[in-house]
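In terms of our numbering, the sequence shown opens at residue 112 and continues consecutively. Reading through the structure tokens given below for one structure.
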Amino acid sequence: MKVKVQKIDGAKASGDIELNDDVFGVEPRADILHRVVTWQLENRRATARPTRERADVNRTGKKFGKQKGSGGARHGARSAPIFIGGGKAHGARKRDFDQSLNKKVRALGLKMALSSKAKDGLVVVDSLELKDAKTKALQGQFDKAGFAGKVLFIDGDAVDDGFRKAAGNLPGINVLPAMGANVYDILNHDTLVLTKDAVAKLEARFALTGGAK
Numbered sequence: 112m113k114v115k116v117q118k119i120d121g122a123k124a125s126g127d128i129e130l131n132d133d134v135f136g137v138e139p140r141a142d143i144l145h146r147v148v149t150w151q152l153e154n155r156r157a158t159a160r161p162t163r164e165r166a167d168v169n170r171t172g173k174k175f176g177k178q179k180g181s182g183g184a185r186h187g188a189r190s191a192p193i194f195i196g197g198g199k200a201h202g203a204r205k206r207d208f209d210q211s212l213n214k215k216v217r218a219l220g221l222k223m224a225l226s227s228k229a230k231d232g233l234v235v236v237d238s239l240e241l242k243d244a245k246t247k248a249l250q251g252q253f254d255k256a257g258f259a260g261k262v263l264f265i266d267g268d269a270v271d272d273g274f275r276k277a278a279g280n281l282p283g284i285n286v287l288p289a290m291g292a293n294v295y296d297i298l299n300h301d302t303l304v305l306t307k308d309a310v311a312k313l314e315a316r317f318a319l320t321g322g323a324k
């Protein structure tokens, strides 16, 4: 699959780039994408800090008062929630949201996400280096290129520092290095912009491991 390479402002850059069909030409499947997105979002969830309930408090179970005659209620343990140092009633419990998902399924999901954008919503630029690393100047370049809505930029090993700072205050603009590419963020944006370095890194990421990474 050939894609035209352009500059950040939409101007045509020299040459085209050939995208590997094994990475950018996979037919998307909703069930695979759903499994990977669910796995990502579940693993992002943080559990509440657990509290010690009555069974978790190490206090004596010996009856500390008479059954009758005190004028108060009957009690048989200091671990009851009404006492200082007792366990908390209906306290927060630790919940584990971690899910496991086969590497091959995760890799397939990423390929399908990239392929879905390759059909509609993929732009390849030569680089993200800026002569004038200013937010206002960068917004002007985006307007020329016609970028609208939510746009995800993926660079090579690391995102260009000037571009990252200039894009930091623009709403709907997010940046990631190639190793941070993931299914949820790709599908959650209207447009995916890859640099030529990012394309090379993503294709090499699957080639080195036979696709399971």
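C-beta atoms are modelled at their ideal positions from N, C-alpha and C, and glycine is treated no differently.
Length of the line joining the Cα atoms of residue i and residue j
| i | j | result |
| --- | --- | --- |
| Phe274 | Asn285 | 11 Å |
| Glu138 | Val147 | 16 Å |
| Gly257 | Pro161 | 49 Å |
| Asn154 | Lys199 | 28 Å |
| Ser190 | Lys173 | 10 Å |
| Arg316 | Ala259 | 29 Å |
| Ala229 | Thr158 | 37 Å |
| Ile265 | Gly291 | 8 Å |
Contact check, residue i vs residue j, beta carbons under 7 Å
| i | j | result |
| --- | --- | --- |
| Ala289 | Ala318 | no |
| Ile119 | Gln252 | yes |
| Leu152 | Met223 | no |
| Phe135 | Ser226 | yes |
| Val262 | Thr302 | yes |
| Asp237 | Ala122 | no |
| Val234 | Val294 | no |
DSSP beta-bridge partners of residue i
| i | result |
| --- | --- |
| Lys113 | Glu129 |
| Asn285 | Leu263 |
| Lys179 | The partner list for Lys179 (beta bridge, DSSP) is empty, contrary to what the question assumes. |
| Thr306 | Val236 |
| Lys123 | Gln117 |
Three-state secondary structure assigned by DSSP to residue i
| i | result |
| --- | --- |
| Val234 | strand |
| Ile99 | Absent from the model: residue 99. The displayed extent of the chain is 112 to 324, so no value can be given. |
| Val168 | coil |
| Arg316 | helix |
| Ala244 | coil |
| Leu212 | coil |
CB contact below 7 Å: residue i versus chain B
| i | result |
| --- | --- |
| Lys222 | Among the chains in the structure shown there is no chain B, since it carries only a single protein chain. |
Exposure label - residue i; buried when at least 16 CB within 10 Å
| i | result |
| --- | --- |
| Gly176 | exposed |
| His300 | buried |
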